[in-house]
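Data block below; observations after.
Chains as they are written, first to last, in UniProt numbering: chain A, 1 to 471; chain B, 1 to 186.
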């Protein structure tokens, strides 16, 4: 095709923008196109490091050829970073492995001596042209033929099972300007020995985890490393289509699953009291965060929820339609939380909310404790108090189990409070009574209640009465 | 869904425009008028957003003297398709605007949109997107050009883009020596 060189006629910035997307060796090779291109690639600010693990004899164990190829890649990657004459702001590492050999981990972390570890990724992240400046970091391990990870193609990906192996561990090294962290098929983190109060990713606002299998302590470490994720705008995303058990203990955060987990069995959520409420979310936001969080698990069969304050999850009529969701498979709900000593309305609303969400619930367990309102002043004190109070509560608590098959509720408790129970006048509970809750009429068979007996009018006793009457 | 381009869609746009008047009229360098959703234009183009906010939009057609009618038609087409396409969940829930969002792979319709463009039209569109401050469209078009370069030798790239090699043999050899790692296939 004869014609003008439209490409070279573009401005430098546009050519750099094009080079953003070109793999590193090809980007460097543009030097030879013409003088116009010369050193342009060095200032693109992006490095797309790409390695392909060939499926040939060299992958057989042990192999000098395998590691010499890997070392050649690491040298070339280093050369590319060395050659940059503008700070690298976008770094991508993409490793293509060809099934059936699953050699990504060996490629990224192995050495010829099985006892010696190596960390290709760490070496890249700590490079002088990367560490001080990188803003977007992507690490991807891809199965041979899959060309990209756009949602459309991802659904056609042949077999997730081929990725049940370890692929890479991300070292948490300080990247002061990182904004976007995008990990695909990451299987672990290397945490520095003392990570406490050390935000290694102080500016990360976007975290994408795709097909990663990280332990919850790793997820938590990522959250701690990137404190901005806790603020309300960015939403950490977890893509784990085969997730079956989700356990989270931490502060309320926006967190969502990008693909629904169809086989979800247990969601175990323990929301901690925010130590610094002034930095945290207001009550309205807290509610939204909680419900958006659990909304990610519509298929869960068991929900275990612990909230430091049931008020934080109670949704009034106005926002019910907006926030509540349905867990149609949920058969068991365990709710543990603290409610206000004098008013239990919020706790009742929270319980009603959750019962409404679980139309097929069979087994309900409630563990309730109270906190006096005057201890809300000092946060540190309050936290210590809460811990102590809770323990005390359960030592002295009343447990009550009710079974639909039995006519009378049975008290299972070391405390003999049967007399007091008789004093309860009514089982009417504002916020809970009078609502039409499917599970109460149909599926619910077992209720377990644990609460502290403050007085005969306490919320726990009202609940006992309430469930006794309806069951 | 909206695979067909051209008049049908332009008319469609006009109908929508009459219905709620939520459009702006843009005039190409050769005097053709195009109507585009005000919301999409403001969202996708920093320059148009500035003009809309600053009130410098002309009801009879805002002059865009730097952009030819073919490129402007593509810009408008892109904006309208963007307005019609169902944004991914990530984009809905995120408060990050398109202009500062981290790069995401082009979506299927965006790929199709740039794939059907001729070589000339693609480069005109890059310039237009650059002029209008359309970051997403710039990414999509630049990504397309990068894909035309990928997997090709320097000679092949020169051929595709009509790049004239103005180096001497010695200079070329020197660069290849210096960047041996880039030319060595592992």
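The beta-carbon is built from N, C-alpha and C at its ideal position, and this holds for glycine as well.
Run through DSSP, which three-state label would residue i get?
| i | result |
| --- | --- |
| residue 184 (chain A) | strand |
| residue 82 (chain A) | helix |
| residue 50 (chain B) | helix |
| residue 169 (chain A) | strand |
| residue 177 (chain A) | coil |
| residue 44 (chain B) | helix |
| residue 129 (chain B) | helix |
| residue 63 (chain B) | strand |
| residue 97 (chain A) | strand |
| residue 361 (chain A) | coil |
| residue 48 (chain A) | strand |
| residue 293 (chain A) | helix |
| residue 92 (chain A) | strand |
| residue 138 (chain A) | strand |
| residue 20 (chain B) | Low per-residue confidence applies at residue 20 (chain B): pLDDT is 47, beneath 50, and the placement is therefore not dependable, though the value from the model is reported in the following sentence. Residue state, collapsed to three classes: helix. |
| residue 164 (chain B) | coil |
| residue 190 (chain A) | strand |
| residue 56 (chain B) | coil |
| residue 270 (chain A) | strand |
| residue 136 (chain B) | helix |
Which residues in the same chain as residue i place their Cβ atom closer than 6 Å to its Cβ, once the five residues preceding and following it in sequence are excluded?
| i | result |
| --- | --- |
| residue 358 (chain A) | 327, 330, 333 and 439 |
| residue 94 (chain A) | 50 and 140 |
| residue 442 (chain A) | none |
| residue 120 (chain A) | 74 and 108 |
| residue 125 (chain B) | 71, 74 and 141 |
| residue 125 (chain A) | 173 |
| residue 435 (chain A) | 352 |
| residue 349 (chain A) | 314 and 431 |
| residue 166 (chain A) | 105 and 187 |
Please go through the same chain and pick out, in chain order, the residues whose beta-carbon is closer than 7 Å to the beta-carbon of residue i, but skip the five residues on each side of it.
| i | result |
| --- | --- |
| residue 201 (chain A) | 175, 178, 181, 225 and 226 |
| residue 38 (chain A) | 31 |
| residue 178 (chain B) | none |
| residue 57 (chain B) | 24 and 51 |
| residue 213 (chain A) | 187 |
| residue 143 (chain B) | 106 |
| residue 22 (chain A) | 48 |
| residue 15 (chain A) | 40 |
| residue 132 (chain B) | 45, 47, 48 and 75 |
Looking only at its chain, what residues have a beta carbon closer than 8 Å to the beta carbon of residue i, apart from the 5 residues adjacent to it on each side?
| i | result |
| --- | --- |
| residue 167 (chain B) | 175 |
| residue 129 (chain A) | 81, 82, 84, 87 and 88 |
| residue 301 (chain A) | 264, 265, 266, 329, 330, 331 and 332 |
| residue 283 (chain A) | 311 and 312 |
| residue 290 (chain A) | 252, 271, 307, 312 and 313 |
| residue 53 (chain B) | 42 |
Measure from the alpha carbon of residue i to the alpha carbon of each residue in the options, then state which is nearest.
| i | options | result |
| --- | --- | --- |
| residue 62 (chain B) | B:76, B:33, B:49 and B:84 | B:33 |
| residue 474 (chain A) | B:184, B:163 and B:43 | Since the first and last residues shown for chain A are 1 and 471, residue 474 (chain A) lies out of range. |
| residue 55 (chain A) | A:87, A:33, A:98 and A:219 | A:98 |
| residue 33 (chain A) | B:128, B:132 and B:159 | B:159 |
| residue 130 (chain B) | B:71, B:37, B:31 and B:39 | B:71 |
| residue 362 (chain A) | A:17, A:444, A:354 and A:428 | A:444 |
| residue 192 (chain A) | A:207, A:185, A:204 and A:170 | A:170 |
| residue 316 (chain A) | A:450, A:103, A:351 and A:183 | A:351 |
| residue 122 (chain B) | B:150, B:78 and B:46 | B:78 |
| residue 47 (chain A) | A:53, A:64 and A:77 | A:77 |
| residue 18 (chain A) | B:181, B:135, B:172 and B:180 | B:135 |
| residue 339 (chain A) | A:105, A:298, A:464 and A:452 | A:452 |
| residue 118 (chain A) | A:307, A:190, A:40 and A:131 | A:190 |
| residue 114 (chain B) | B:148, B:132, B:133 and B:84 | B:148 |
| residue 111 (chain B) | B:132, B:81 and B:128 | B:81 |
| residue 168 (chain A) | A:132, A:203 and A:211 | A:211 |
| residue 131 (chain A) | A:71, A:45, A:64 and A:470 | A:45 |
Less than 8 Å between CB atoms is the rule here; does residue i satisfy it with respect to chain E?
| i | result |
| --- | --- |
| residue 43 (chain B) | Note that chain E does not occur in the displayed structure, where the protein chains are A and B. |
Could you tell me whether any non-hydrogen atom of the ligand MG is closer than 7 Å to the CB of residue i?
| i | result |
| --- | --- |
| residue 203 (chain A) | Absent from the structure shown: the ligand MG. Ligands present: none. |
Item to check | 3 or more residues per run - each beta strand (DSSP E) lying fully within the region 307-358 of chain A | outcome: The region 307-358 of chain A contains, as complete beta strand (DSSP E) runs of 3+ residues, the segments 332-340 (chain order).
request  = Pull out every residue of the region 103-124 of chain B whose Cβ sits closer than 9 Å to any Cβ of chain A, in chain order.
outcome  = Result list: 103, 104, 105, 106, 107, 108, 111, 119, 120, 122, 123 and 124.
Next item on the list: Residues of the region 128-154 of chain B with a CB closer than 7 Å to any CB of chain A: list them in chain order, please.
Entry: 130, 138, 142, 143, 145, 146, 149, 150 and 154
In chain order, what residues of the region 313-329 of chain A put their CB closer than 9 Å to some CB of chain B? none
* Asked: Between the region 25-59 of chain A and chain B, which residues of the former have CB atoms less than 7 Å from a CB of the latter, in chain order?
  -> Listed in sequence order: 25, 26, 28, 29, 31, 32, 33, 34 and 35.
Could you run through the region 162-183 of chain B and flag, in chain order, every residue whose CB is less than 8 Å away from some CB of chain A? Here the close residues are 162, 163, 164, 165, 166, 167, 172, 175, 176, 179, 181, 182 and 183.
What are the residues in the region 61-73 of chain B lying within 9 Å of chain A by C-beta distance? Taking a C-beta cut-off of 9 Å against chain A, none of the residues of the region 61-73 of chain B qualify.
Query raised in the report: If you scan the region 4-49 of chain A from start to end, which runs of the alpha helix (DSSP H) of 4 or more residues do you find wholly inside it?
Result: Fully enclosed alpha helix (DSSP H) runs of no fewer than 4 residues occupy 12-19 and 24-29 of the region 4-49 of chain A, in order along the chain.
Going along the region 63-82 of chain A in order, which residues come within less than 7 Å of chain B, judged by CB to CB distance? 69, 72, 73, 75, 76 and 79
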